[in-house]
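Participant:
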Amino acid sequence: MARSKSSNRWLREHFSDEYVKRAQQEGYRSRAVYKLLEIHEKDRLLRPGMAVVDLGAAPGGWSQLAAQVLGPQGAVIALDILPMDALPGVTVIEGDFREAAVLEQLLATLDGRPVDLVMSDMAPNTSGIKAVDQPHSMYLAELALDMARRTLRPGGDFLAKVFQGEGFDLFLRELRAAFGTVAPRKPRASRARSAEQYLLARNYRG
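Here's what the structure looks like:
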């Protein structure tokens, strides 16, 4: 099947992208790792020995970086409905975390250990229709926040990808009610035409 003009353009942009090339050279699974790295370097997000839950983790770039920073005393649990190859220092759970069995598997893996950070780079498969895509993206952000409320220790942190639009202001109010501080982050590695940003919420009130 012939590729469309838009998919050909995406492929050209992808393989000429400096972060794609850098990820290949440095052995990371995706260019998205540099978004997390920039936020980490600015905010000291990751620290040795933490317990981190990574939602929508595949192909695993964020979990890969987290495991490197956290070290052998840390714990990284990666969840995704998509298959994900094993990573050193990462426990991979394949499944939909809205399902009770998957949540129970996560809680069993934690074995009572409080979570220091829940992070989510989840985004829906986009249709190009904002009235459809925006509610889907905010729904994923709400799911991530619900997981954070279930698992975070008091004082823990939450990082989620969001898109400005309908539902954003309400979500921001929810974060401000549940956390001590909330700050937007727009990493340089985000594609120029992308409307994505990240919200970093710190000091969960429990």
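Using this note's numbering, read the sequence shown as starting at 25 and increasing by one per residue. Cβ atoms here follow ideal geometry from the backbone N, Cα and C, with glycine treated the same way. Model, not experiment: these values are computed from the prediction.
1) Note down, in chain order, each residue of its chain lying with its Cβ closer than 8 Å to the Cβ of residue 93, except the 5 sequence neighbours on either side.
2) From the DSSP output, in three-state form, read off residue 111 for me.
3) My output table needs one value for residue 202: the three-state DSSP class, helix, strand or coil.
4) Going by beta-carbon coordinates alone, are residue 52 and residue 95 separated by less than 7 Å?
5) Below 8 Å on the Cβ atoms is my contact criterion, and I expect residue 214 with residue 66 to pass it. Report the Cβ-Cβ distance as a whole number of Å.
6) Mind checking residue 229: buried by the 16 CB within 10 Å criterion, or exposed?
7) Is DSSP giving residue 226 helix, strand or coil here?
8) Would you mind sorting residue 163 into buried or exposed? The rule is 16 or more other CB atoms within 10 Å of its CB.
9) My output table needs one value for residue 122: the three-state DSSP class, helix, strand or coil.
10) Considering only their Cβ atoms, is the gap separating residue 89 from residue 57 smaller than 7 Å?
11) Cβ atoms of residue 186 and residue 131: under 7 Å apart, would you say?
12) Count the other CB atoms within 10 Å of the CB of residue 109; is the residue buried (16 or more) or exposed (fewer)?
13) So for residue 221, helix, strand or coil by DSSP?
14) In its own chain, which residues sit with a C-beta less than 8 Å from the C-beta of residue 199, not counting the 5 before and 5 after it?
15) Specify the secondary structure class of residue 106 as computed by DSSP and reduced to three states.
Facilitator: Quick look at the numbers:
1) Taking the sequence shown and counting its residues from 1, one reaches residue 93 at position 69. Hits under 8 Å: 64, 70, 71, 72.
2) Start at 1 with the first residue of the sequence shown, and residue 111 comes out as number 87. If DSSP states are grouped into helix, strand and coil, residue 111 belongs with coil.
3) The residue you call residue 202 lines up with position 178 of the sequence shown. Note: residue 202 maps to helix in three-state DSSP.
4) Locating residue 52 in the sequence shown gives position 28, counting from the first residue. Locating residue 95 in the sequence shown gives position 71, counting from the first residue. Contact: no.
5) Your numbering for residue 214 matches position 190 in the sequence shown. Your numbering for residue 66 matches position 42 in the sequence shown. Going by Cβ atoms, the distance from residue 214 to residue 66 rounds to 14 Å, so no, they are not a contact pair.
6) In the sequence shown, the residue the question calls residue 229 occupies position 205. Per the 10 Å Cβ criterion, exposed.
7) For the purposes of this step, residue 226 is taken as the residue at position 202 of the sequence shown. DSSP places residue 226 in strand when its eight states are reduced to three.
8) In the sequence shown, residue 163 corresponds to position 139, counting from 1. With fewer than 16 other Cβ atoms within 10 Å, it is exposed.
9) Position 98 of the sequence shown, counted from the start, is the residue given in the question as residue 122. If DSSP states are grouped into helix, strand and coil, residue 122 belongs with coil.
10) On the sequence shown, residue 57 is found 33 positions in, with the first residue counted as 1. On the sequence shown, residue 89 is found 65 positions in, with the first residue counted as 1. Yes, the Cβ-Cβ distance between residue 57 and residue 89 is below 7 Å.
11) For this step, residue 131 is matched to residue 107 along the sequence shown. For this step, residue 186 is matched to residue 162 along the sequence shown. Cβ distance not < 7 Å, so residue 131 and residue 186 don't count as in contact.
12) Taking the sequence shown and counting its residues from 1, the one referred to as residue 109 is at position 85. So residue 109 ends up on the exposed side.
13) By one-based count along the sequence shown, residue 221 stands at place 197. Note: residue 221 maps to strand in three-state DSSP.
14) The residue you call residue 199 lines up with position 175 of the sequence shown. Same-chain partners within the cutoff: 169, 182, 206, 223, 225.
15) Here residue 106 is taken as the residue at index 82 of the sequence shown, counted from 1. Residue 106 falls in the coil class under three-state DSSP.
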